[in-house]
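> Note that the sequence shown covers residues 128 to 887 in my numbering. We put the beta carbon where it would ideally sit given N, CA and C, even for glycine.
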Amino acid sequence: MTFIWIAVILLGLLAIVDLVVGVSNDAVNFLNAAIGSRTAQRKFVYWIAAVGLLIGSLLSANMMEIARKGVINPSSFAFTELIVVFVAVMIVDIILIDGFNTLGFPTSTTIAVVFELMGGAMALSFIKKKQARIDGIDVEAMINTDKAFVILAGILLSIFLAFVVGIVVQFITRIIFSFNYQRRFKYLFAIVGGLSITAIVFMILKKGLGDTSIFDTYPWFEILVAYQQEILFGIFTLSTFVFLFFGLSFNIDIPRIVVLFGTFALAMSFAANDLVNFIGIPLAAIESFKEFIASGLSTPDNFSLDFMSEGVIRKDIFSDYTYTVIFTLSAIIMTVTLFRSKKARSVTETEVYLGRQSSGYERFEPSHLSRVIVRNFLHLHSMAIGLLPQKVVRFFDSRYQKADTAEARTVDGVIYFDTVRASVNLVVASILISLGTYMQFPLSTTFVVFMVAMGTSLADQAWGRESAVYRVSGVLSILGGWFFTACLAFIGAFIFTYIIWYGGWIAAIVSAALAATSLYLTKKYHQRKQEEKRILKEEYQDETDNNLDHLMDNGSDQIRQHLQEASKVFYLSLQGFIDEDVRQLHEAHNKALILDKFTRNSKSKFFYAYAKVTEEGIDSGHYFVQAFDYLTELVGCLTNITQPLYEHIENQHKGMTESQSADLQELLDEVTGYFNHIIHMEKEQNFDHLNEMVSKQSFLIGFQDTLRRNQIKRIQKGEGRTRVSILFMDILAETKNVLLYSINLLKAHRDFVNSCRSNN
């Protein structure tokens, strides 16, 4: 009984944590469209989603039965056995989903729970087989394998179907409305908007209100289903006339209204259907515990779980207000998570970035498969263009012309795609989800929403030649992550079930502590990554891009910040090598890689800005581009320094001799002081003492030449070690390049600032 009490309490606590972890990943399903198109301020979008979460939570009772008998057969388990499986499943679910949140990868919590239950049940069947010393236990009696495989097959089909439908619908929509749709198509937008609202309401009826116990308490809800065709026609007519009136009278953006309503609907659908993934298992355990106490039995091993087939929650949801309170509190926890979770933002940003209209910093590196896919697609595209009449090709091109491919800026952030694509994302996903429910075909909301968004991005030509390999690589990575989810969920639950079964309540507590430790470590890791993203994230200024003042102010700040970081990397690298501090060298190496990405990203951004500079500023802009060229080369030298030094110490090779360390320490002190003077000049933008810095540079180059000659003499005398001597010489060579590029950067930036001031 000690184990049962501890397990039930533990499951209650794990349910709260799993709610936070789960909604952090699944929130992208209903936030992606509104956040990416900046339909409204972020907080307003959150509040709309919160209302949907609250209503959906109260309608989730029917889905709670899935945790009881959807994947496993409770009657084949004893009470203790099922509790062991439930604890293992919850612990694995938290660790697994939080790992995906940390990486910013959207995944399916439904798939995770299904395969965790299968893994736990499979482990228990092996345990019972071993203990009973019989030839076999009928696994199918414990696990609904047929349903599990139907779910998997449905998900595979939904991935392909959602992607293709997203491409087709978005292509047709863009051909009709083009990118220049503002203040146009009032009548057509009203009709399409009415159809969109009707499709979303249809999803609400099917996913949110379909087949729930609310009909027993509130019979008038049943009217919505009984007369749904008439109601849907009325909603279409009413919404069309409302859109037409407001469109003609007030020029409202009809797709914006569709996106907001769709956000509410998908949030409600998510809560109604996916809340079971987070609290369904703990609720099933608590109900079982209540029934066991009421039975009066002394040992839980003999307690039958046949009662689970009766649907306790569905039957008592509105008569026992305890469940109402639980679901309401769940909605509140999910709402707070929306507002507070940084990991939820990371997951949302991943999907939004993969679908953004313009190119820029790309998170994913291209893979061989992504290159092959893009190459073949371009070949097919060229063939298709050749087969089509030129008039048709020119017409299609005209519909895809837009004034500016760069993201627009709002008070609350950056617009990554327009409201037309956002509304298509929501409407197509809603229709597919509704059809899946109507035909009783298992679909994953996460997979459908994500693949529709990727399909519309492709159809909108968001994946251009400059970004296609990166975006395709990102999509493939996330697709692989989905199958990785299923494998890890099954294996993890299998292992933890074994551990908890043989380790008892102590193993359960230790496993929960392991989950807590994992949450802490991933939080720290995520914070570090967020800091990197903060640096790498493109900063959009209020000034127009064709303004030289923008280049002078913002660009100068970027150069100064880069130099500060470069100075830090140089110091950490050489000091870490002198001290043989592998952690310091690892930090320096990571900072150098981040700085390299940041520099290249900034260079691309300012090159784009330079391309829009007016003719009067061409000469000034030339100096600025030159300065960034030198900065890029300087950072490349730092990367050439940090990587071999880190690998040398990481491989446990011998360090420098005392004379080498002394020489390198003196060089480090001199170069650090040199960097400090340059950074001060950049901060003040006062280049009057540039000649002094040139003299300082000449002195340092002569000094490092002296160090090189000293090292050659040591080698001739047989002093030092070959491997570290080569590294020492490489450091001197790269340091010389750093000194040369830094002065050239300073001169180019001086010429740029002086030229800008003379133009003003």
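Kindly indicate which three-state DSSP category Ala897 falls into: helix, strand or coil?
No answer is possible for residue 897: the residues shown for the chain start at 128 and end at 887.
> Going by DSSP in three states, Ala634 sits in which element: helix, strand or coil?
Helix at Ala634.
> Can you tell me which of the three DSSP states Ala205 falls into?
Strand, per DSSP.
> Taking the C-alpha atoms as reference points, what is the distance between Ile542 and Phe316?
Cα to Cα, Ile542 sits roughly 21 angstroms from Phe316.
> Looking only at C-alpha atoms, which of Ser729, Arg655, Tyr652 sits nearest to Ser683?
When only C-alpha atoms are compared, the closest one is Ser729.
> Give the single residue among Ser885, Ala280, Phe523, Ala639 whose Cα lies nearest to the Cα of Ile136.
Closest by alpha carbon: Ala639.
> Quick check: what's the CA-CA separation for Leu359 versus Thr426?
If you take the alpha carbons of Leu359 and Thr426, they lie about 54 angstroms apart.
> Among residues of its own chain, excluding the 5 on either side of Val520, which ones have a beta-carbon nearer than 7 angstroms to its beta-carbon?
Here the set comprises Ile512.
> Out of Leu251, Ile318, Ala471, which one is the CA nearest neighbour of Ile622?
Nearest option by C-alpha distance: Leu251.
> Can you name, in chain order, every residue of its own chain whose Cβ lies under 7 angstroms from the Cβ of Val479, other than the five neighbours on each side?
Hits under 7 angstroms: Asn159, Ile162, Gly163, Tyr543.
> Any idea what DSSP makes of Arg877, helix, strand or coil?
Helix at Arg877.
> Given a threshold of 16 other Cβ atoms within 10 Å of its Cβ, counted over all protein chains shown, does Gln356 qualify as buried or as exposed?
So Gln356 ends up on the exposed side.
> Report the residue from Gly246, Asn228, Thr236, Phe227 whose alpha carbon sits nearest the alpha carbon of Ala215.
Among Gly246, Asn228, Thr236, Phe227, the Cα nearest to that of Ala215 is on Gly246.
> What is the DSSP secondary structure of Ala167, counted as helix, strand or coil?
It is coil, neither helix nor strand.
> In its own chain, which residues sit with a C-beta less than 6 angstroms from the C-beta of Leu795, not counting the 5 before and 5 after it?
Hits under 6 angstroms: Leu701.
> Using 9 angstroms as the threshold, is the C-beta distance between Ala142 and Ile406 below it?
Yes, they are a contact pair.
> Kindly indicate which residue of Phe204, Gly607, Ser468 has the alpha-carbon position closest to the one of Lys650.
For the residues Phe204, Gly607, Ser468, the minimum Cα distance to Lys650 belongs to Ser468.
> Note down the Cα distance separating Gln779 from Leu772, rounded to an integer number of angstroms.
Rounded to whole angstroms, Gln779 to Leu772 spans 11 angstroms at the Cα level.
> According to DSSP, is Thr426 part of a helix, a strand, or is it coil?
It is coil, neither helix nor strand.
> Would you check if the stretch 632-648 and the stretch 230-242 touch, i.e. whether three or more CB-CB distances between them fall below 8 angstroms?
They do not touch, by the three-pair rule.
> Output yes or no for whether 9 angstroms exceeds the beta carbon distance between Phe213 and Pro409.
It is a contact, given that the beta carbons lie within the stated cut-off.
> Just the Cα atoms here: how many angstroms apart are Gly703 and Gln792?
Roughly 11 angstroms separates the two Cα atoms.
> Excluding the 5 residues preceding and the 5 following Tyr868 in the sequence, name in chain order all residues of the same chain whose CB lies nearer than 8 angstroms to its CB.
Closer than 8 angstroms at Cβ, skipping near neighbours: Tyr757, Leu758, Glu760, Leu761, Cys764.
> Pick out whichever of Arg710, Lys810, Ile853, Lys863 has its Cα sitting closest to the Cα of Asp832.
Closest option to Asp832, Cα to Cα, is Lys863.
> Please determine, among Gly601, Ser485, Ser184, the residue with the shortest C-alpha to C-alpha distance to Met395.
Ranking the options by Cα distance to Met395, first place goes to Ser184.
> Is the distance from the Cβ of Ala134 to the Cβ of Ile210 below 9 angstroms?
Yes; because the gap between Cβ atoms is below 9 angstroms, this pair is in contact.
> If you check the beta carbons only, do Val150 and Leu465 fall under 9 angstroms apart?
Going by C-beta atoms, Val150 is nearer than 9 angstroms to Leu465.
> Less than 9 angstroms between the beta carbons of Thr583 and Ala154, yes or no?
Their beta carbons are not under 9 angstroms apart, which means Thr583 does not touch Ala154 by this criterion.
> Just to confirm my understanding: we take Phe416, look at its own chain, exclude 5 residues before and 5 after, and list those with CB closer than 6 angstroms. What are they?
These residues qualify, in order along the chain: Val135.
> At which residues does the alpha helix (DSSP H) containing Trp590 begin and terminate?
Unbroken run through Trp590: none, as it is neither H nor E.
> Based on Cα-Cα distance, which residue from Lys170, Lys518, Ile721 lies nearest to Thr766?
Looking at the Cα atoms, Ile721 is the closest of the given residues.
> Exposed or buried, which one is Ile444 when buried takes at least 16 other CB atoms within 10 Å?
Confidence is the limiting factor: at Ile444 the pLDDT is only 49, short of 50, which leaves the residue's position unreliable and the question unanswerable from this model.
> Rounded to a whole number of angstroms, what is the C-alpha to C-alpha distance between Val439 and Leu186?
Per-residue confidence for Val439 stands at a pLDDT of 47, beneath the threshold of 50, marking its modelled position as unreliable; the derived number appears in the next sentence. Near 15 angstroms, if we compare the C-alpha coordinates of Leu186 and Val439.
> Quick test of the definition: if touching needs 3 or more C-beta pairs under 8 angstroms, does the stretch 822-832 touch the stretch 807-814?
Touching, no.
> Quick check: what's the CA-CA separation for Ile303 versus Leu817?
Answer to the nearest angstrom: the Cα atoms are 60 angstroms apart.
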